[in-house]
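To start, the structure itself, in structure tokens.
Protein chains: 2
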Amino acid sequence: MKKYCVAVVGAMGAVGREMLKTLEQRGFPVSEIRPLDIEANAGKKVLYEGREATVGVAAKGAFVDVDIALFSAGADASLVLAPIAAAEGAVVVDNSSQWRMDPEVPLVVPEVNPDALDGHKGIIANPNCSTIQMLVALKPIHDAYKIKRIVVATYQAVSGTGAAAIAELAAQAEQFAKGEPMTAKVYPRQILFNALPHIDVFLDNGYTKEEMKMVNETHKILDPAISVSPTAVRIPVFRGHSEAINIETERPMDLADVRRLLAAAPGVKVVDDPAKLAYPTALDADGKDEVFVGRLRLDPTVPNGLNMWVVGDNLRKGAALNAVQIAEVLARKGLEPKAR
Amino acid sequence: MKKYCVAVVGAMGAVGREMLKTLEQRGFPVSEIRPLDIEANAGKKVLYEGREATVGVAAKGAFVDVDIALFSAGADASLVLAPIAAAEGAVVVDNSSQWRMDPEVPLVVPEVNPDALDGHKGIIANPNCSTIQMLVALKPIHDAYKIKRIVVATYQAVSGTGAAAIAELAAQAEQFAKGEPMTAKVYPRQILFNALPHIDVFLDNGYTKEEMKMVNETHKILDPAISVSPTAVRIPVFRGHSEAINIETERPMDLADVRRLLAAAPGVKVVDDPAKLAYPTALDADGKDEVFVGRLRLDPTVPNGLNMWVVGDNLRKGAALNAVQIAEVLARKGLEPKAR
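Residue numbers (numbering that gives the first Met the number 0), protein chains in the order written: chain A, 0 to 339; chain B, 0 to 339.
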């Protein structure tokens, strides 16, 4: 069996840690694990398959002999480091937004467009977390009924912002319990007991960058003909993004058939039995690989409409798992480990 | 100046307390305040304008001499008690869902359809909290551009469920801070750090009763020709419902004109300056009378589309304030206090 030297860049971050865990849990064939991070974290230890690995500095020279480099180090670091890693021979799977809309870079959700990987040039982009889970759930419906328009409102977890945001939400809960005033540094307002309609920066058209990612990445991954109208909102949840999705399709939908298609779709789990109060929530998705779909109901306000509730673990399928799945597809498609 | 004997039914509940506070804050002309509740709460004291008032039992005979009875005691109690109160001569403003769709009962948002009060038969219904704030924000747009369709996803506070739900969210935060397991009784799942796509009971069509309230009440209050496609979601917020609203209008909208209309509309406050990170949040609306509107942006995916973010205090404008405003309109329209 082929085994690969895998680097994880940003290994000490929320997604980086999850990448290490996911590689291990899925038994990805690793010959050597190479955790990399900023200088301040160099020398720290991470456990991988029961053995300690020492965190190295993500810099020129660190990618020699690396087959696959999973990046979760932010857009700025990726701009500099991904080309270096690719030049040193690694195939980069980058979780940042840096390369996603580059026409030379495949943007891949393995359940949706695995063949976009063919002919990659050393850098592959992992889509935005909100987009990934939405498209995993919509792909089978699009194939059968052709989606024309999506109106989506998100309920996004703080872990999408990173480890500091997780700590801030926890700290605010502790401050609340002690009756202390709450402090906010990561977000411009208190996130505990609040909802902020603001993720990533605001653009000139009034939409946020997060919202436009959902538009542009849907076009690149699934179909440029689909209109997407998004509102992205941060809520006080640690892990698990939820989405209220309204779609209109070209062809009339049969609700029982939609359920069957979703139940049979890879990476999807339907949890939808209102009589038993069965619907997915962020806490149910925490640590899970699947994208959960519930609250399926036809929308009679348009000729062919459907409402649904889609939940996924933003750190797993929304980030680490999708990146590892891309590595798995690369391996299946015949990526050769370097001779050592 | 005319002064009125005002009963508050459910005076010890979350909305009942807010009704007392709102009457006082707005200086409603009260000759006598009569707090009423279930037998278990009888004899308790509430403060009103610096004087103690004793809670009486909400039952037959309790409404003699009452001019206006503000009810927030739930649908079951209202079914029995509202006709009793009306028969004893009070004008009932009921916050429950019991009478809202009764064709004999006006369903009123004072900024939207005050004239529906004319010819009332002693019972007036206060709409659902999510519907009220949505319609206050949409009324000026509908008047100018004629709304055809609304797709709305809500982010609703636990205080909409009542005092026990407020206590449950607080208790879960304290349990989290102590590292204890969290207990859920009011909601079927943990609400802290979660989002539940489930408010009120599920109906046969797959929508919840809360969602269908937004459909049916919009038709009754604003315009039966408007299509409404709702998803109602509970999030871990104490006070303040937020709504991601997407609308399509008959006529093309001018964004600057929409802003002007909203800025001039009664009960609306526009908070929308992305460059300064100005947008409304639930915490900003807490304790405020206005419905806050932000994130205004055209939706290019339909000919005449708009996305907006609407936030209101569900206990005030969504319940207590709207009821008191109805009482104010009744007083303005010439309701005569009883001779005493």
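The beta carbon of each residue, even a glycine, is placed where N, CA and C say it ideally should be. Here the structure is a predicted model, which means the values were calculated and not measured.
Problem - Where the beta strand (DSSP E) through P34/B begins and ends - result: V29 to D36
Exercise for the section: May I ask which residues mark the beginning and end of the alpha helix (DSSP H) holding T21/A? Expected result: Where T21/A is concerned, the enclosing alpha helix (DSSP H) stretches over A13 to Q24.
Handout entry: Local conformation of N306/B per DSSP, three classes
Key = Strand at N306/B.
Exercise for the section: Kindly list, in the order they appear in chain A, the residues whose Cβ is closer than 9 Å to that of Q189/B. Expected result: Result: T280 and L282.
Exercise for the section: State the start and end residues of the unbroken beta strand (DSSP E) segment that holds I325/B. Expected result: Annotation for I325/B: no beta strand (DSSP E) segment contains it, though the alpha helix (DSSP H) segment containing it runs L320 to R331.
Practice task
Name the two residues that bound the continuous alpha helix (DSSP H) containing V135/A.
Solution key: Element bounds for V135/A: C128 to Y144.
Practice task
Can you give me the Cβ contacts of E17/A inside the same chain, cut-off strictly under 6 Å, excluding the 5 residues immediately before and after it?
Solution key: L314 and A319
Handout entry: Start-to-end residues for the beta strand (DSSP E) that takes in D93/B
Key = V90 to D93
Exercise for the section: Return helix, strand or coil for D272/B, following the three-state DSSP convention. Expected result: Note: D272/B maps to strand in three-state DSSP.
Problem - Pair within 8 Å by beta-carbon distance, L195/A and R233/A - result: yes
Handout entry: Distance CB(E357/B)-CB(A164/A) smaller than 8 Å
Key = Lying before the first or after the last residue shown, residue 357/B is absent from chain B, which here runs from 0 to 339.
Handout entry: Under 8 Å between C-beta atoms of V65/A and G42/A
Key = no
Problem - Beta carbon of A81/A nearer than 8 Å to that of I122/A - result: yes
Exercise for the section: Closer than 8 Å by C-beta to D285/A: which residues in its own chain qualify, once you throw out the five before and the five after it? Chain order, please. Expected result: F237, R238, G239 and D312
Problem - CB contact below 8 Å: D142/A versus chain B - result: No - not a single Cβ of chain B is within 8 Å of the one on D142/A.
Exercise for the section: Closer than 6 Å by C-beta to A124/B: which residues in its own chain qualify, once you throw out the five before and the five after it? Chain order, please. Expected result: For A124/B, where only same-chain residues beyond five positions count, the Cβ hits under 6 Å are D93, W98, R99, V104 and L106.
Handout entry: Status (buried if at least 16 other CB within 10 Å, exposed otherwise) for T182/A
Key = exposed
Handout entry: Under 8 Å from the C-beta of N94/B: neighbouring residues of chain A
Key = Chain A residues near N94/B: none, gap ~23 Å exceeds 8 Å.
Practice task
With a 10 Å radius around its C-beta and 16 neighbouring C-beta atoms as the bar for buried, classify E48/B as buried or exposed.
Solution key: exposed
Problem - Minimum Cβ-Cβ distance from G73/B to chain A less than 8 Å - result: By this cut-off, G73/B is not an interface position.
Practice task
Check whether the Cβ of K268/A lies closer than 7 Å to any heavy atom of the ligand SAH, and answer yes or no.
Solution key: Within the structure as shown, the ligand SAH is missing, as the structure has no ligands at all.
Problem - Closer than 8 Å to chain A by CB, F192/B - result: yes
Practice task
Note down, in chain order, each residue of its chain lying with its Cβ closer than 8 Å to the Cβ of P119/A, except the 5 sequence neighbours on either side.
Solution key: First, the residue type needs correcting, since residue 119/A is His and not Pro in the sequence shown. Counting only Cβ-Cβ distances below 8 Å, and skipping sequence neighbours, we find V90, V104 and P105.
Handout entry: Three-state secondary structure assigned by DSSP to V65/A
Key = coil
Practice task
Return the chain-ordered list of same chain residues with a C-beta closer than 7 Å to the C-beta of H141/B, the five sequence neighbours on each side being excluded.
Solution key: L221 and D222
Exercise for the section: Using a Cβ cut-off of 9 Å, pull out every chain B residue sitting near D253/A, in sequence order please. Expected result: Within 9 Å Cβ-Cβ: nothing; D253/A doesn't reach chain B, min ~14 Å.
Handout entry: Assigned secondary structure, N245/A (DSSP; H/G/I helix, E/B strand, else coil)
Key = strand
Exercise for the section: For S241/B, go through chain A and note every residue whose CB falls closer than 8 Å to its CB, in chain order. Expected result: A194, P196 and V232
Exercise for the section: Flag this pair as yes or no: are the beta carbons of F192/A and P235/B separated by less than 8 Å? Expected result: yes
Handout entry: Residues bridged to H240/A (per DSSP)
Key = G311/A
Practice task
Output the distance between the C-alpha atoms of M213/A and V292/A, rounded to the nearest integer angstrom.
Solution key: 18 Å
Problem - Any chain A beta carbon closer than 8 Å to F201/B - result: Yes - at least one Cβ of chain A is within 8 Å of the one on F201/B.
Handout entry: At least 3 beta-carbon pairs within less than 8 Å: the stretch 270–280 of chain A vs the stretch 252–265 of chain B
Key = no
Handout entry: Bridge partners - P105/A, DSSP secondary structure assignment
Key = Looking at the DSSP assignment, P105/A forms no beta bridge with any residue, so it has no partner.
Practice task
Give a yes or no on whether the minimum CB-CB distance between N341/A and chain B is below 8 Å.
Solution key: A query on residue 341/A cannot be resolved here, the shown segment of chain A reaching from 0 to 339 and no further.
Handout entry: Whole-number beta carbon distance between S95/B and A68/B, since they are thought to touch under 8 Å
Key = That belief does not hold up - the Cβ atoms of A68/B and S95/B are roughly 13 Å apart, past 8 Å.
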